[in-house]
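Working notes, structure below.
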Amino acid sequence: MSDVQTWIKETVTNAPVVLFMKGTAQFPQCGFSGRAIQILKACGVDNIATVNVLEDAEVRQGIKEYSNWPTIPQLYVNGEFVGGSDIMTEMYESGELQTLLKKNG
Numbered sequence: 005m006s007d008v009q010t011w012i013k014e015t016v017t018n019a020p021v022v023l024f025m026k027g028t029a030q031f032p033q034c035g036f037s038g039r040a041i042q043i044l045k046a047c048g049v050d051n052i053a054t055v056n057v058l059e060d061a062e063v064r065q066g067i068k069e070y071s072n073w074p075t076i077p078q079l080y081v082n083g084e085f086v087g088g089s090d091i092m093t094e095m096y097e098s099g100e101l102q103t104l105l106k107k108n109g
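For the numbering used here, count along the sequence shown from 1 and bump the result up by 4.
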């Protein structure tokens with residue numbers, strides 16, 4: 005496993021809720037990342053660990069390889085990949101995301 009893959013694995017397992025995104029929670033730099041933050045806040049998650057993939061090209065590519073998922077943002081709950089903005093939206097609308105976050109977050 006490469007250094008960046010090791011770092012990603014440690015990052016997603018060291019915090020209950022981790023969002024790899026473009027920008028920061030305070031200043032998202034794409035609409036999908038902004039939506040992901042809004043959804044997490046609407047679910048009552050205050051302690052969101054975020055990683056700005058725009059700051060490091062290795063992390064930006066590495067997270068896509070780690071999850072085998074081509075787009076960003078990417079949500080992890082207790083080390084498990086949940087999905088991107090579209091999946092988060094569907095899960096939020098069905099109530100599934102709130103249940104997952106209450107149970108694990």
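Glycine is no exception: its CB is placed at the ideal position from the N, C-alpha and C atoms.
DSSP beta-bridge partners of residue i
i, result
"Val-22", "Ala-53, Tyr-80"
"Pro-74", "Note: Pro-74 sits in no beta bridge, so no partner."
"Gly-27", "Pro-32"
Outcome for residue i when other beta-carbon atoms lying within 10 angstroms are tallied against a minimum of 16
i, result
"Gly-87", "buried"
"Ser-98", "exposed"
"Thr-10", "exposed"
"Gly-66", "buried"
"Thr-54", "buried"
"Ser-89", "buried"
Residue range of the alpha helix (DSSP H) that includes residue i
i, result
"Leu-58", "No alpha helix (DSSP H) contains Leu-58, which DSSP labels as neither H nor E."
"Ser-98", "89–98"
Nearest-angstrom beta carbon gap, residue j and residue i [assumed within contact, 8 Å]
i, j, result
"Leu-105", "Val-21", "7 Å"
"Glu-72", "Met-25", "Position check: residue 72 holds Asn in this sequence, whereas Glu was assumed. Incorrect: roughly 18 Å between the Cβ atoms, too far for contact."
Beta-carbon spacing of residue i, residue j below 8 Å
i, j, result
"Ala-40", "Met-92", "yes"
"Val-8", "Val-63", "yes"
"Leu-101", "Ile-52", "no"
"Phe-36", "Pro-77", "yes"
"Leu-58", "Gly-27", "yes"
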